[in-house]
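Read the structure below first, then the notes.
In the working numbering, the protein residues as written are 1 to 757.
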C-alpha cells in the first residue's frame, strides 16, 4: 500500500532524533539549507545532501567506534518544519506549482471534483487500462470467432477476410510513428481515450452490412417461414416441401438464381475493411502511449507485476469474445424465424452481428472514463520533481520538430537490443497471428467441430492458459528480480518449444477421406462419378451433405449420392434409391455429414495447446520489460511505435493474408454464386495441416534465433531500480567480496542515500 502523499514545500527543515532514543538526555540535530523537494510525513528526502547520518559521541563505548572516533548509530528520523511551529504562516509555493496541480488532477474541461482525485493512482490506471485493452481483444476475438460465418453469409474467400483483418495493421503502419511522437508530447490518456472512441465507431460500422443486406436469401430459404425453391425438380418424391426436393437427383432444372443482391457482395467487404482501418488508428494510441504512460508512472521494480496484472485483465478479452461469439452463433442469423436445420449443419449461419452494437456503446463509456485521468499521476510527478531538484534527472522532452524526430529515430535504429527484440517479435507474431486468426476454422476442418464449439474452445482453453502464464511470470519476476540475461534466455527456451509443438501439430488431426469422389490434377475435388452422371447436379447447387446409412461416405448433396426419394422419419430426412450407395445402387442416406470420432486427438491437441500457450505467454512479460529498459526514457513511446510499425508492416499485415492464401490453396470444393467463386466449403485436411503448421514453425524458428541475439546483448542492461540492482549485486558477491568491496557496498546501503518516497 502506498505511503501518504508528500507535500511539496519550500522551507527550512530540521531533523532530530526521537526523544526515546536519546542517551543521557542529550540530543543531536542536523540542520540543512532550504531546498525545493517533496517531504514525506515519516521520511527525510534524500534531496538534502547533508542528511546522511546522525552521530553522537559516546566516551563509554569504543567497541563500535567509527574511524573518526564517533559512534555511528542510525535511528528513525522525524521531520519538524517551521510550518509545524507557526501554523498561521502561509506556505510559499514554488514556481510551476499551478501547472503541477493541473497536470496531476483527475477531470476534464474544468470538472475536477475532490472525490475524483482519489482515483489518480496507478491501481486505478492499471484497472481502467486493462479494461480498455480487454474490450479491444473482445472485439478482435469476436470477429475471429464469427469470421467463417461471415464468409458463408457474404460469400467471401479466406484471402479477402485475411485482408480485412490486416486493415487494422495497415492503419497502424501509417499512423504509429506520428501518434507516438505527437502523443508523447501531449496528454497521453486523452489520446488513448480518443482512440477508444474510434474503436467504438468501428463497431457500429460493422453492424451496417446486416442492416443493409439482412440475413440473406440462402439463410431464409432454410426456415419454415421462407422455405421455397428456385428449382423445378423431376423425379420420384414423397410428399415433401419443394425446398427439400431441390437437392435430390433430377434430370434437369431451371436455374432462377437471383443475382441482383449478390452483385453488391463487395460492399460488405469494403465496409468491414474501412471499419478495421478506423479500428487500427484507435489501437495505435492505446498500445504506444498507454504502455509508456504506465511505465512512466510506476517504479521500475513494480513494472513486472503491474504489467502482469494488466495483461491478465486484458487477456480476459479473447475469452469473453470467443464465448460471446459461441453464444451468438448458436442463434440463427434471422432471430425472428424458425430454421429447418440444426446448428451442426454446415449451412447454419449464426447471428454474427449480435454484439457490435453493445460493443460500440461500451467503448464510448470507457473512453469518457479514461479521459478523466491526469497528464501525470501525482506520486510519479513528485518523484520526478525531486529527482530534477537533486540533479539526478534532466527533463529532456523537447517541442515538436522534424530534427528531434530524426534524432530519436537514429538512436532507435542504432540500438542492438531493440532491433533484435523487435525483429524477434516480428517473426514470432507472423508465426502465430495468422494462425490464431483462423484457429476456429482450423478446428472445424481438422477436428470436425462446429463453428460455435470451435469458438468456445479457442477462447476458454488456449487464452486462459496464456493469462495464467503471464501472471505467473510477472509474479516470479517481481519476487526474484532475475537478471535480463535470464529473462532473455527463458524466451529462447519457450520459443524453441513452440517450434517443436507446432511442427508436431502437422501430424495431429482427424482428416478422414470419406468424401465421395476423386482428386483432380488441379487439386480440386471431382464430385461427378459414373453413378450420378444422370443427375443434373449443377455447379450452383448449395452444399447440403448427406451420409450413407452405413457411415462409409459423405456426399456433397443427395443429388451427388444419386438419391431420388425423400422421407422424414422421426424428424430426420432419409434419402432413398441412392444410386451411389449399396451394391445394387438402392441404398439410403441420412441428412448431414458422417460423424467421425475425434475425441482422443482433439483432447491431445487442446492439452498441448494449453501447455504451449502457458509457456509462450510466460516469456512475454520479460520481453516487454526488455523493450522498455533498452531505450532512454524519453524515447520509450517512440520505441513502442517503432516496434509497432515493424510488426504492422512485416507481421500483422502480411500474416493473415498469407495464411488466408494458404487456406484457400487447400480448398477442394468452392461454392459458386452467379458464376463467381464464393467461400470454400471443403478443405484437404492433411494439406491444410502441413501448410499452416510448417509455416508457423518456420517463422517461430527465425524468432528463436533472433532471441539468441537479444540474450547475447542484454548482459549489462539495467531493468530494475538502482537499490534493487545493488541488492542483486550484494547477493551475487556475498561469498567473494573483498574488504574494500564490502565497505563500498555498505556505504551504498547507508540510510538516506536513496530516495525514500
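All C-beta atoms in this analysis are idealised placements derived from N, C-alpha and C, irrespective of residue type, glycine included. These numbers were taken from a predicted model, which means no experiment stands behind them.
Rounded to whole angstroms, what's the CA-CA distance from residue i to residue j? Just pull it up for me.
i: residue 450; j: residue 343; result: 8 Å
i: residue 203; j: residue 275; result: 7 Å
i: residue 193; j: residue 201; result: 13 Å
i: residue 181; j: residue 640; result: 10 Å
i: residue 485; j: residue 364; result: 42 Å
i: residue 620; j: residue 358; result: 31 Å
i: residue 187; j: residue 375; result: 5 Å
i: residue 224; j: residue 556; result: 23 Å
i: residue 270; j: residue 444; result: 27 Å
i: residue 638; j: residue 660; result: 32 Å
i: residue 716; j: residue 629; result: 11 Å
i: residue 272; j: residue 588; result: 44 Å
i: residue 248; j: residue 283; result: 51 Å
i: residue 514; j: residue 524; result: 15 Å
i: residue 473; j: residue 667; result: 40 Å
i: residue 519; j: residue 504; result: 26 Å
i: residue 128; j: residue 178; result: 24 Å
i: residue 510; j: residue 598; result: 6 Å
i: residue 285; j: residue 183; result: 8 Å
i: residue 169; j: residue 279; result: 9 Å
i: residue 535; j: residue 560; result: 7 Å
i: residue 441; j: residue 479; result: 40 Å
i: residue 419; j: residue 483; result: 20 Å
i: residue 74; j: residue 498; result: Confidence at residue 74 is low in this model, with a pLDDT of 40, below 50, so its placement is unreliable and no value can be given for it.
i: residue 528; j: residue 547; result: 16 Å
Is it true that the CB of residue j sits closer than 7 Å to the CB of residue i?
i: residue 760; j: residue 138; result: Because the chain here runs from 1 to 757, residue 760 falls outside it and cannot be looked at.
i: residue 288; j: residue 644; result: yes
i: residue 328; j: residue 471; result: no
i: residue 570; j: residue 516; result: no
i: residue 455; j: residue 322; result: yes
i: residue 298; j: residue 306; result: yes
i: residue 348; j: residue 150; result: no
i: residue 147; j: residue 166; result: no
i: residue 277; j: residue 171; result: yes
i: residue 636; j: residue 292; result: yes
i: residue 325; j: residue 475; result: no
i: residue 340; j: residue 222; result: yes
i: residue 448; j: residue 596; result: yes
i: residue 612; j: residue 501; result: yes
i: residue 310; j: residue 195; result: no
Going along the chain, which residues of its own chain have a beta-carbon closer than 7 Å to the beta-carbon of residue i, five neighbours each way excluded?
i: residue 461; result: 606, 609, 610
i: residue 345; result: 592
i: residue 117; result: 105, 106
i: residue 657; result: 159, 162, 163, 166
i: residue 207; result: 353, 356, 357
i: residue 685; result: 445, 446, 509, 511
Compute the beta-carbon to beta-carbon distance between residue i and residue j, rounded to the nearest angstrom, for a pair I have assumed lies under 8 Å.
i: residue 594; j: residue 575; result: Going by Cβ atoms, the distance from residue 594 to residue 575 rounds to 14 Å, so no, they are not a contact pair.
i: residue 426; j: residue 714; result: Incorrect: roughly 18 Å between the Cβ atoms, too far for contact.
i: residue 421; j: residue 627; result: 6 Å
i: residue 108; j: residue 487; result: With a Cβ gap of about 39 Å, residue 108 and residue 487 do not count as contacting.
i: residue 481; j: residue 720; result: 6 Å
i: residue 209; j: residue 334; result: Not a contact, Cβ separation roughly 14 Å.
i: residue 647; j: residue 663; result: That pair is no contact at about 22 Å.
i: residue 366; j: residue 135; result: 6 Å
i: residue 457; j: residue 642; result: Between residue 642 and residue 457 the Cβ distance is about 36 Å, and since that is not below 8 Å, they are no contact.
i: residue 294; j: residue 467; result: Contact doesn't hold; Cβ gap of about 18 Å is too wide.
i: residue 459; j: residue 665; result: About 28 Å separates the two Cβ atoms, so there is no contact after all.
i: residue 506; j: residue 694; result: 6 Å
CB-CB under 6 Å to residue i, same chain, minus the five flanking residues each way: which ones, in chain order?
i: residue 469; result: 614, 617, 618
i: residue 681; result: 543, 669, 671
i: residue 62; result: With a pLDDT of only 39 at residue 62, under the threshold of 50, the placement of this residue in the model should not be trusted, and no figure is reported.
i: residue 86; result: In this prediction, residue 86 scores a pLDDT of 47, lower than 50, which makes its location untrustworthy; the coordinate-derived value is nonetheless stated afterwards. None.
i: residue 573; result: 591
i: residue 431; result: 696, 699, 700
i: residue 408; result: 635, 638
i: residue 436; result: none
In chain order, what residues of the same chain lie with their CB nearer than 8 Å to the CB of residue i, ignoring the 5 residues before and after it?
i: residue 531; result: 562, 579, 580, 585
i: residue 330; result: 343, 350, 452
Any heavy atom of the ligand MG closer than 6 Å to the Cβ of residue i?
i: residue 578; result: Among the components modelled here there is no ligand, and therefore nothing to report on the ligand MG.
Indicate whether the contact test is met: 3 or more Cβ pairs, each with one atom in the segment 705-714 and one in the segment 491-501, closer than 8 Å. Yes, they touch.
Decide if the segment 121-133 is in contact with the segment 644-654; the criterion is three or more beta carbon pairs, one per stretch, under 8 Å apart. The segment 121-133 is not in contact with the segment 644-654.
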